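Heads up, the thing below is written out as structure tokens.
Numbering (the working numbering), first residue to last: 4 to 257.
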């Protein structure tokens, strides 16, 4: 990853606002053109984030794998329209369901990508500083978010350690599905225990107090934040305009 990317100096609260600016219009409309346009424009913004396209592709892989699930449900159970290609019980595949399935698939990708681009290099401590000082959220909530974010990496280490331990005992080469669910259950137990201990430790150190806290590092807004939000608005406007011009614009429920 490159150092000093343009987006690194955008306040984390502004990044949250950008996510909302990009997400709300895409959630209220459902057509393939606006989603595809937004997705392409978001990909063009990758150099501003400091991430490489290879890194973005790797982090998007789980979304790409599971996004078709939403598309399949729309393909089978959406309101029939146009030519009907087949039906079985409550499932009907038609022109309308095919179009909606493609739109949903692209929309899931277009909604997930900004999260990866905006928060891929965001430090949890900077996010907590911004939530407390700029968004004026309660310190107890902010510190809880920070503690949770800091423990996410531990889950990855726990999973890797369990995988190596099972392989050392000769249990890691067969039954991939069964192994996944058993390890997921163990990881859930670890998470509950770690969360309980962390909550107790934080309460003992006074993090649950209602006394107004001070923050070591100031978090402020700048002109760069206004430019970032303006760019997000232009991106959404371009996506919706492309849908309107091509006649594909469609509001959810219509």
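Heads up, the beta-carbon is just placed ideally off N, CA and C, and yes, glycines get one too. This structure is a prediction, so every number in the text was calculated from the model and none was measured.
Asked	Found
Just reading off the alpha helix (DSSP H) that residue 203 is part of, what are its end residues?	179-207
The alpha helix (DSSP H) that contains residue 226, what's its start and end?	226-249
Determine the direct distance from the alpha carbon of residue 141 to that of residue 126, and round the result to whole angstroms.	19 Å
Between which two residues does the beta strand (DSSP E) harbouring residue 95 extend?	94-97
Report the CB separation of residue 133 from residue 15 in whole angstroms; it is logged as a contact under 8 Å.	4 Å
Taking C-alpha atoms, which residue in 34, 123 and 198 lies nearest to residue 247?	34
Would you check if there are 3 or more beta carbon pairs closer than 8 Å linking the region 77-97 to the region 8-24?	no
Looking at the structure shown, is residue 90 part of a helix, part of a strand, or coil, going by DSSP?	strand
Let me know the secondary structure DSSP gives residue 75 once reduced to three states.	helix
Whether or not the region 71-78 and the region 97-105 are in contact is what I'm after, with contact meaning three or more pairs of Cβ atoms, one per stretch, closer than 8 Å; do they touch?	yes
Assuming residue 163 is part of the alpha helix (DSSP H), what are its boundary residues?	142-171
Kindly list the residues whose CB is nearer than 7 Å to the CB of residue 236, restricted to its own chain and excluding five residues on each side of it in sequence; keep chain order.	24
Would you kindly check if the distance between the Cβ of residue 19 and the Cβ of residue 249 is under 9 Å?	no
List the residues that DSSP assigns as beta-bridge partners of residue 254.	32
My output table needs one value for residue 21: the three-state DSSP class, helix, strand or coil.	helix
Do residue 47 and residue 124 have their C-beta atoms closer together than 9 Å?	no
Using alpha carbons as the reference points, say which of 188, 220, 228 and 185 lies closest to residue 121.	228
Is it buried or exposed for residue 45, if we count other Cβ within 10 angstroms and need 16 for buried?	buried
Taking just the CA atoms, how far does residue 185 sit from residue 168?	13 Å
Among the candidates 99, 253 and 113, whose CA atom is the shortest distance from the CA of residue 22?	113
Please determine, among 29, 157, 97 and 216, the residue with the shortest C-alpha to C-alpha distance to residue 255.	29
Figure out for me which residue from 245, 99, 149 and 172 has the closest Cα to the Cα of residue 129.	149
Give me the Cα-Cα distance between residue 98 and residue 233, rounded to the nearest whole angstrom.	37 Å
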